[in-house]
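S.K.: Got a structure for you, written out below as structure tokens; questions coming shortly.
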Amino acid sequence: MEKPKGDFPTKDSLITFILNANTQQRIELEFLRNVTREQIEEALMQGIEQNNADSDLSKIKQDIQRLSSGFQDEVEKHSTLTLSRLSKKKLNVFFNNTLVVETENQALADALWSIWFGKDPIVDTEDLVQNILVN
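Okay, here's the thing in structure tokens:
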């Protein structure tokens, strides 16, 4: 993700900016072990569910299945998944640098971003925020 411009006195102010900004953002993941496409679907949905407990996620689940259909059945170690948010609504998803999904589904983009920047993220947000601010 490109370093955001502005003053962010707290971690929460930076996360609020990330979730609400109509600016280009990118999340890049490199798989550190072999996984199946189903494991990726399950992990994405688990992260989305734990950050969107009060939402109807049936449509999002279909979108995640459509998104993962562009992956190989067996995802090898060092494969990459890139989520590229071009605006608040426009999302491109790349698997090993190949475009697998291009959508203007803001609900899907918001749900995916909530995995890392939601109320119950899957990562240590202190480290993540430090990485964003330093790089």
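Each residue of the sequence shown is one higher than the one before, counting from 52 in the numbering used here.
Virtual Cβ for every residue (Gly too), placed ideally from N, Cα, C.
Predicted, not measured: the structure shown is a model, and the values here were computed from it.
(1) Over the uninterrupted alpha helix (DSSP H) stretch that includes GLN90, give me the two end residues.
(2) For ALA104, is the classification buried or exposed, using 16 other Cβ atoms within 10 angstroms of its Cβ as the cut-off for buried?
(3) Unbroken alpha helix (DSSP H) runs of length 4 or more, entirely within the region 55-88: which are they?
(4) May I ask you to report which of helix, strand or coil DSSP gives ASN143?
(5) Hey, how far is the Cα of THR176 from the Cα of PHE168?
(6) Label ARG84 either buried or exposed according to how many other C-beta atoms from any shown protein chain fall within 10 Å of its C-beta, with 16 as the threshold for buried.
(7) Which one of GLN116, LYS110 and THR74 has the shortest CA to CA distance from GLU92?
(8) Got a sec, what are the start and stop residues for the alpha helix (DSSP H) LEU134 sits in?
(9) Alpha carbon to alpha carbon, how far is PHE82 from SER138? Give it in angstroms, no decimals.
(10) Would you tell me roughly how many angstroms separate the C-alpha atoms of LYS140 and GLN157, rounded to the nearest one?
M.R.: If we stick to the structure as given:
(1) 88-102
(2) exposed
(3) 62-71
(4) strand
(5) 7 Å
(6) Label assigned to ARG84: exposed.
(7) Closest by C-alpha distance to GLU92, out of GLN116, LYS110 and THR74, is GLN116.
(8) Run containing LEU134: none in the alpha helix (DSSP H); it sits in the beta strand (DSSP E), 131-136.
(9) Rounded to whole angstroms, SER138 and PHE82 show a C-alpha spacing of 26 Å.
(10) Distance between the alpha carbons of LYS140 and GLN157: 4 Å.
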